[in-house]
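Notes for the one structure printed next.
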Amino acid sequence: MSTIMRTLRNLRRVGLKDFGHQMQNIGDTKAGTFIAMDKYGNKYFENLAEELPLRTRWVDYKDHEFDPSQIEPGWHAWMSYMVDKPPSEDKLLQRQIRVWEPKEHRPTLTWSRSGYKPYSTVKSKYAAWTPVVKARQ
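The following block contains the structure:
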């Protein structure tokens, strides 16, 4: 949450269209330098001057229904401050097509009907109590 002065200053910097987009998707206004765009269309930004520590980097997802697994591994390392250079500047972090890499993005299905559901093959130690009621006379 930002102050009113910070919100108005960022409104002046980013413009009305991006201000509305940020309030709809992020819930806060941020102004920073555009770093790069990845192959999914996500935009990465950084502001070292005015943001709080460890909140200086952020991503603007392409889709409104975003999935955090849409961040590539190199960008994830940059976003979580594991590396200083973004993948657009560092050859090691750039994503190449390797044999073991998937060709296209597979979304995380955790909270969907297709998510992984483990089951137990061990008999439970506890059983639910069911009351026995006598018939009335």
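Just so we're on the same page, the working numbering is the position in the sequence shown counted from 1, plus 516.
All C-beta atoms, glycine included, are put in the ideal place defined by N, C-alpha and C.
As the structure is a computational prediction, the values presented were derived from the model and not from experiment.
Where residue i and residue j are concerned, what is the direct C-alpha to C-alpha distance, given to the nearest angstrom?
i: Met-598; j: Arg-528; result: 32 Å
i: His-580; j: His-537; result: 10 Å
i: Phe-561; j: Trp-574; result: 5 Å
i: Glu-588; j: Asp-554; result: 8 Å
i: Tyr-556; j: Gln-586; result: 7 Å
i: Glu-617; j: Arg-611; result: 9 Å
i: Thr-624; j: Val-648; result: 45 Å
i: Met-521; j: Trp-594; result: 29 Å
i: Pro-603; j: Gly-590; result: 6 Å
i: Lys-633; j: Ala-643; result: 22 Å
i: Thr-545; j: Glu-605; result: 27 Å
i: Lys-559; j: Thr-549; result: 11 Å
i: Gly-631; j: His-592; result: 23 Å
So residue i is in the alpha helix (DSSP H); what residue range does that whole segment cover?
i: Arg-529; result: 520-530
For the beta strand (DSSP E) holding residue i, just list the boundary residues, first then last.
i: Thr-552; result: Before going on, a small fix: residue 552 reads as Ala here, not Thr. 549-553 is the span of the beta strand (DSSP E), which, as asked, contains Ala-552.
i: Trp-594; result: No beta strand (DSSP E) contains Trp-594, which is instead part of the alpha helix (DSSP H) from 589-595.
i: Glu-562; result: 559-562
i: Asp-576; result: 573-576
Just tell me which of the options has its CA closest to the CA of residue i.
i: Gln-540; options: Pro-584, Gly-631 and Tyr-577; result: Tyr-577
i: Ile-542; options: Phe-582, Met-553 and Lys-555; result: Phe-582
DSSP three-state label for residue i, please.
i: Phe-582; result: coil
i: Asp-606; result: coil
i: Asp-534; result: helix
i: Gln-540; result: helix
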